[in-house]
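Since the structure comes first, as structure tokens, the remarks are kept for the end.
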Amino acid sequence: MENKIYNIAIVGGGPGGIASAVESVILKIDDIILLEKGENHSTTIRRFYKDNKRVDKDYKGVKVNLDGNIRFMDGTKESTLDLFDEILSKNNIDARFKTEIDNIKKEGDIFVLRTTNGDELKARFVVISIGKMGVPNKPAYPIPLDIRNKVFFNANSINNDDKVLVVGGGNSAVEYAYFLAQSNDTTLNYRRNEFSRINDTNKDLLDKSINEGKLKTKLGVDIVNLEVQDGKPKVNFTDGSSEVFDKIVYAIGGVAPIDFLKKCGLELDSAGVPIVSSSCESSIKNIFVSGDLLFKSGGSIANALNNGFDIVTEIYKRMQEEK
Ligand SMILES: Cc1cc2nc3c(=O)[nH]c(=O)nc-3n(C[C@H](O)[C@H](O)[C@H](O)COP(=O)(O)OP(=O)(O)OC[C@H]3O[C@@H](n4cnc5c(N)ncnc54)[C@H](O)[C@@H]3O)c2cc1C
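Its first residue numbered 218, the sequence shown is counted upward by one per residue in the numbering used here.
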């Protein structure tokens with residue numbers, strides 16, 4: 218755990234997160250950090266826009282006046298990424314890449330953000346701007362077509378009589394395995410022998426369910442591939458063993474945005490959109506939400522930039538009042 222307490226921790230390095238970071242520096246708020254799970258900022262733009270794609274400021278014809286200081290204009294994928302590179306570097310933004318936030322917990326007046334690697338950092342304010350394009354990580358080997366409906370990335374579709382394999386070694390995997398083991402024949406598979414990334418509560422739950430004989434484990438072995446046997450997944454492990462399951466749940470990172478928001482305890486409306494105030498503050502005081510997450514569908518770069526500006530203007534005001 219880092220001892221430093223950041224003023225603002227920004228989760229997600231797309232337009233909403235970048236604007237929150239840059240506008241903070243312009244307002245002279247120090248000790249801010251931008252946390253991005255990709256190898257660089259703007260993963261959505263890099264991954265989903267075609268090279269040379271035209272980028273419209275008034276996306277899909279919806280006119281948006283820019284309120285903040287970032288001079289975003291019509292251009293291309295490349296010119297947009299160049300603009301973001303430039304403003305991040307010019308404003309010396311402390312950006313930490315390859316850092317995926319797994320959950321956020323409140324401890325007194327401070328938020329503790331935990332990464333999927335088990336690192337923790339603390340902040341007084343949090344901006345969540347993780348977009349809507351997050352997809353759970355998939356295994357490197359193919360999932361045969363005939364069993365795709367037996368393979369899941371959360372535990373929502375498991376029935377009580379299913380024999381389940383949960384794959385993964387983080388908090389989500391352990392939580393799914395513990396929960397399913399109460400009613401199902403459940404095995405937890407992790408490629409390592411030790412669960413070094415999980416919190417103490419999950420460690421206790423894991424030990425308890427293993428000791429009580431409810432949860433089986435397959436530790437220190439990886440999966441070579443999946444085959445189909447009688448319409449079910451047959452899993453071949455690196456130790457040469459094989460086993461057939463009714464269903465497999467992979468929890469190997471890349472939590473879907475809605476699951477992330479629920480995990481953090483944010484109130485959502487019936488469409489899964491976080492309930493926020495006019496300054497984009499969530500149901501949890503001092504946690505703000507920006508960008509595409511605020512839209513049932515749609516959203517745009519200009520909107521995300523404006524959200525970032527509005528949020529840090531509000532945070533700045535609160536910090537001034539505290540002085
Ligand atoms: C194909 C396509 C074309 C588009 N064209 C345009 C256009 O021309 N003009 C326009 O204005 N808009 C366009 N958009 C929409 C625009 O890209 C989005 O509105 C904008 O990117 C939203 O910004 P955001 O910050 O909310 O989210 P995103 O840009 O999605 O950024 C979210 C970031 O958070 C990171 N992240 C996710 N989860 C975590 C986590 N747990 N921990 C750390 N980091 C995390 C992601 O890796 C990502 O970098 C287009 C979208 C698509 C898909």
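Quick reminder that beta carbons are idealized off the backbone N, C-alpha and C, glycines included.
Proximal residues to residue 254 (C-beta, below 6 Å), its chain only, five neighbours per side dropped: 317
Beta carbon of residue 426 nearer than 9 Å to that of residue 390: No; because the gap between Cβ atoms is not below 9 Å, this pair is not in contact.
Residue 231 CB to nearest heavy atom of ligand 1 below 8 Å: yes
Whole-Å CB distance - residue 522 paired with residue 493, under 8 Å assumed: No, residue 522 and residue 493 are not in contact; Cβ-Cβ is about 17 Å, not under 8 Å.
Candidates 503, 298 and 332, of which the one nearest residue 235 by Cα: 298
CA nearest to the CA of residue 348, picked from 226, 260, 379 and 497: 260
For residue 358, the three-state DSSP class (helix, strand or coil): coil
Inside the stretch 279-347 only - beta strand (DSSP E) runs reaching at least 3 residues: 318-324, 327-332 and 337-345
Alpha helix (DSSP H) segment containing residue 477, residue limits: 474-480
Range of the contiguous alpha helix (DSSP H) that encloses residue 537: 518-539
Endpoints, alpha helix (DSSP H) assigned at residue 370: Note, residue 370: premise wrong, no alpha helix (DSSP H); not H, not E.
Per-residue DSSP class, three states only, for residue 226: strand
Cβ neighbour criterion (16 or more within 10 Å) applied to residue 392: Label assigned to residue 392: buried.
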